[in-house]
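A.B. asks:
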Amino acid sequence: MHPESTDVLVIGAGLAGMATALSLPPHLRVTMLSKGPADDCASAWAQGGIAAAQAPDDSIEAHVQDTLIAGAGLCDADAVRRILAQGPAAIDWLLGLGVPFTLDEDGRSLHLTREGGHGARRIAHAADATGRAVHAALLRQCRARPNIRLIEHAAALDLLLAESADAGAPRRCLGARVRVGDGAIIPWEAGHTVLATGGLGQVYAQTTNPDAATGDGVAMAWRAGCQVADMEFVQFHPTALQVDGRAAGLVTEALRGEGAVLRLPGGERFMPAHDSRAELAPRDIVARAIWAEMSRGDLPYVHLDISHRPRAWLDRHFPAVTALCAAHGIDIATQPMPVAPCAHYACGGVRADVDGATGIAGLRAVGEVARTGLHGANRLASNSLLECVVMGRAAARAIAASGDATNAGVLAAPSTPRRAAQASTLSRPAARPAPDAPRAPDTIRAALRRLMQREAGIVRSDQGLAGAAEQIATWRRELPPDADPAKDARWQALRNQLDVCDLIVAAAARRRESRGAHASSDWPAPGNAPGSP
């Protein structure tokens with residue numbers, strides 16, 4: 000297959016990817032890849048909103064302090080300030096693109112809500128389906144821009160790399176190998192490549208993430224030689240609706256900001272016994288409290304109760320949650336919602352600056368795939384969409400200022416790009432696997448997700464993590480010789496998930512303390528701990 004070329008290759012069509020594409024100068028050719036349908040991404044599923052200090056009684060510094068507290072001592076304070084300072088401008092930019100944020104009753108100012116960990120009302124939202132509204136508005140803009148080419152059902156397999164001719168200079172990313180909808184594998188050359196692949200929730204059995212969230216960006220970047228950090232800090236959203244033992248959808252944290260309380264089956268509240276902020280404590284605290292109560296009482300879920308609010312108010316402010324619950328026979332105006340924590344957000348990822356720069360020239364990472372230090376050990380609610388917008392726009396400015404974005408063909412000429420897949424961590428066994436070894440990728444993936452949920456979930460143990468690492472290594476050895484990620488999307492997903500799970504488990508095992516979203520039953524207190532691998 001003949002190579003394709005573009006000035007900027009954006010891998011991912013969520014909010015971070017679209018913010019990047021829309022902020023690039025119109026003379027640059029932009030190719031944006033979506034692994035599946037463009038609207039099937041975590042950004043579109045987000046309910047709560049976008050945090051930005053805008054109210055008269057709020058300030059950017061107050062937002063900074065709330066973020067630092069939630070991050071449990073591991074935030075990069077400079078990155079926090081740089082990103083949060085752009086909050087009001089990010090909201091204005093989204094308004095200019097037609098995002099229909101909910102207004103106050105006066106019809107002139109934004110209606111701001113409050114979520115756990117925030118000391119003030121600062122969450123701009125579009126009812127309780129903010130992600131869908133933001134994503135739809137930006138997707139319309141992308142489709143209307145003649146310089147942006149959106150390709151759906153196109154999955155990046157690995158990055159194309161070239162060694163620098165200068166000793167000691169970093170390698171350069173020249174694009175990616177891409178499998179398109181008909182199965183063809185195309186080398187896609189680019190002057191600049193932007194990873195905007197989102198999260199990794201699908202490595203867990205219970206998650207609020209879409210099917211595409213298999214950690215592709217982190218895995219590709221790691222195989223290419225990028226540094227990753229804070230992989231142990233996987234945030235579990237406290238309240239996913241539970242139906243027939245599975246997560247049926249996210250129940251926004253904004254409900255608790257509006258007075259919803261958590262109860263045991265007998266009706267007793269329990270959060271005040273776990274934290275003085277009760278239901279408004281940061282997510283990691285609320286998720287662990289729910290997990291503790293479920294473990295103590297052998298419960299499949301707890302209840303979230305907002306029946307003190309009138310039906311008309313709920314229909315107006317939380318139509319998506321109301322409809323989700325109604326579809327499962329729950330009237331939230333009169334009945335509590337069965338909820339339990341589910342894997343939701345990766346606080347760690349590819350080490351990147353606020354403008355997305357990684358350790359490889361020509362490669363940037365933006366949004367959830369990136370680790371800037373904004374979130375530290377635990378993300379503050381509604382900071383993620385803000386990070387997507389701010390990082391995407393900053394990356395676009397940096398690319399435009401670099402002056403070399405239109406030289407994709409020239410960059411590829413000096414040396415032959417080597418495929419990062421050549422260094423894949425998928426090992427090939429010296430001997431044939433045992434006859435009873437799991438052979439189908441979907442079988443291994445399902446078992447891997449259950450393993451991660453059990454041993455690398457809300458609370459971990461040294462023994463459980465060691466066992467998980469051993470089992471992951473065993474599955475690698477048992478992979479059949481024909482397990483080709485380039486030919487089969489199932490093997491591609493498994494390869495990426497094995498790589499990502501390795502990183503999570505190794506980082507969690509090294510952190511001999513409990514901090515933020517990482518809790519260890521063997522090391523229950525914060526203390527001295529090594530950094531992430």
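Everything in the sequence shown is counted per numbering that gives the first Met the number 0, starting at 0 for the first residue and increasing by one.
We treat Cβ as the ideally placed atom computed from N, Cα and C, and that holds for glycine.
For clarity, every value in this text was computed on a predicted model and none was experimentally measured.
(1) Pick out whichever of Ala-397, Leu-385, Ala-345, Ile-503 has its Cα sitting closest to the Cα of Asp-354.
(2) Would you mind reading off the limits of the beta strand (DSSP E) that contains Arg-363?
(3) Going by DSSP in three states, Ser-383 sits in which element: helix, strand or coil?
(4) Identify the continuous alpha helix (DSSP H) that holds Arg-489 and give its terminal residues.
(5) Got a sec, what are the start and stop residues for the alpha helix (DSSP H) Leu-137 sits in?
(6) Inspect the beta-carbon positions of Gly-13 and His-124 and report whether they are closer than 8 Å.
(7) Look up Asp-75 in the DSSP assignment and say whether it is helix, strand or coil.
(8) Assuming Pro-264 contacts Leu-298 under a Cβ cut-off of 8 Å, what Cβ separation, rounded to an integer in Å, is found between them?
(9) Is the stretch 354–364 touching the stretch 215–235, taking contact as three or more C-beta pairs under 8 Å?
(10) In angstroms with no decimal places, state the Cα-to-Cα distance between Arg-489 and Gly-118.
(11) What do you reckon, are the CB atoms on Ala-50 and His-62 nearer than 8 Å?
(12) Does the Cβ of Gln-462 have 16 or more other Cβ atoms within 10 Å, making it buried, or fewer, making it exposed?
(13) Taking the DSSP output, what are the residues bridged to Asp-304?
(14) In chain order, what residues of the same chain lie with their CB nearer than 6 Å to the CB of Leu-373, ignoring the 5 residues before and after it?
(15) From Asn-406 to Ala-189, what does the alpha carbon distance come to, in whole angstroms?
(16) Determine the extent of the alpha helix (DSSP H) in which Val-7 is found, giving its start and end residues.
(17) On the CB-based measure, 16 or more other CB atoms within 10 Å of its CB, does Glu-60 come out buried or exposed?
(18) Could you check if Ser-519 is buried or exposed, using at least 16 other CB atoms within 10 Å of its CB as the buried criterion?
(19) What's the C-alpha gap between Leu-464 and Met-293?
(20) When burial is assigned at 16 or more other CB atoms within 10 Å of the CB, is Ile-184 buried or exposed?
(21) Under a three-way DSSP split, which group does Arg-566 fall into?
(22) Short of 7 Å in beta carbon distance, which residues of its chain neighbour Glu-454, apart from the five on each side in sequence? Order them along the chain.
(23) Within a Cβ cutoff of 6 Å, which residues of the same chain sit near Glu-508, ignoring the five residues on either side of it in sequence?
(24) In the DSSP assignment, the beta strand (DSSP E) including Met-31 goes from what residue to what residue?
C.D. replies: The structure says:
(1) In the sequence shown, counting from the first residue as 1, residue 354 sits at position 355. Among Ala-397, Leu-385, Ala-345, Ile-503, the Cα nearest to that of Asp-354 belongs to Ala-397.
(2) Here residue 363 is taken as the residue at index 364 of the sequence shown, counted from 1. Segment 362–364, the beta strand (DSSP E) holding Arg-363.
(3) Your numbering for residue 383 matches position 384 in the sequence shown. Of the three classes helix, strand and coil, the one that applies to Ser-383 here is helix, per DSSP.
(4) Residue 489 sits at position 490 when you count from the first residue of the sequence shown. 488–509 is the extent of the alpha helix (DSSP H) around Arg-489.
(5) Locating residue 137 in the sequence shown gives position 138, where the first residue counts as 1. Its alpha helix (DSSP H) spans residues 129–143.
(6) Here residue 13 refers to the residue found at position 14 when the sequence shown is read from its first residue. Here residue 124 refers to the residue found at position 125 when the sequence shown is read from its first residue. No; because the gap between Cβ atoms is not below 8 Å, this pair is not in contact.
(7) Reading the sequence shown from its first residue, position 76 is the one you call residue 75. Correct three-state label for Asp-75: coil.
(8) If you number the sequence shown from 1, residue 264 lands on position 265. If you number the sequence shown from 1, residue 298 lands on position 299. Sure, about 7 Å apart at Cβ, within 8 Å.
(9) Result yes; three or more Cβ-Cβ pairs closer than 8 Å.
(10) In the sequence shown, residue 489 corresponds to position 490, counting from 1. In the sequence shown, residue 118 corresponds to position 119, counting from 1. Rounded to the nearest whole angstrom, the CA to CA distance from Arg-489 to Gly-118 is 44 Å.
(11) In the sequence shown, the residue the question calls residue 50 occupies position 51. In the sequence shown, the residue the question calls residue 62 occupies position 63. Result yes, Cβ atoms of Ala-50 and His-62 sit closer than 8 Å.
(12) By 1-based counting over the sequence shown, the position of residue 462 is 463. With fewer than 16 Cβ atoms within 10 Å of its Cβ, Gln-462 is classed as exposed.
(13) Walking along the sequence shown from the start, residue 304 turns up at place 305. Partner(s): Val-260.
(14) Sequence index remark: in the sequence shown, residue 373 carries index 374 (1-based). The beta carbon of Leu-373 sits closer than 6 Å to those of Ala-78, Val-79, Ile-82, Glu-386, all from its chain and outside the five residues before and after it, given in chain order.
(15) By one-based count along the sequence shown, residue 406 stands at place 407. By one-based count along the sequence shown, residue 189 stands at place 190. The predicted position of Asn-406 is uncertain, since its pLDDT is 45 and thus under 50; a value taken from the coordinates is nonetheless stated next. In this structure, the straight-line span from the alpha carbon of Asn-406 to that of Ala-189 is close to 8 Å.
(16) The residue you call residue 7 lines up with position 8 of the sequence shown. Per DSSP, Val-7 belongs to no alpha helix (DSSP H); it is in the beta strand (DSSP E), 3–10.
(17) The sequence position of residue 60 within the sequence shown is 61, counting from 1. Burial call: exposed.
(18) Position 520 of the sequence shown, counting from 1, holds the residue named residue 519. With 16 or more other Cβ atoms within 10 Å, it is buried.
(19) Numbered from 1 along the sequence shown, position 465 holds the residue referred to as residue 464. Numbered from 1 along the sequence shown, position 294 holds the residue referred to as residue 293. In this structure, the straight-line span from the alpha carbon of Leu-464 to that of Met-293 is close to 22 Å.
(20) For the purposes of this step, residue 184 is taken as the residue at position 185 of the sequence shown. Counting Cβ neighbours within 10 Å, Ile-184 comes out exposed, since fewer than 16 surround it.
(21) With the chain running from 0 to 532 in the structure shown, residue 566 is simply not present.
(22) Counting from 1 along the sequence shown, the entry for residue 454 is found at position 455. So the qualifying residues of the chain are Gly-463, Leu-464, Gly-466, Ala-467.
(23) Walking along the sequence shown from the start, residue 508 turns up at place 509. Strictly speaking, residue 508 in this sequence is Ala, with Glu absent from that position. Result list for Ala-508: Leu-464, in chain order.
(24) Within the sequence shown, residue 31 is the residue found at index 32, counting from 1. Unbroken beta strand (DSSP E) run through Met-31: 29–33.
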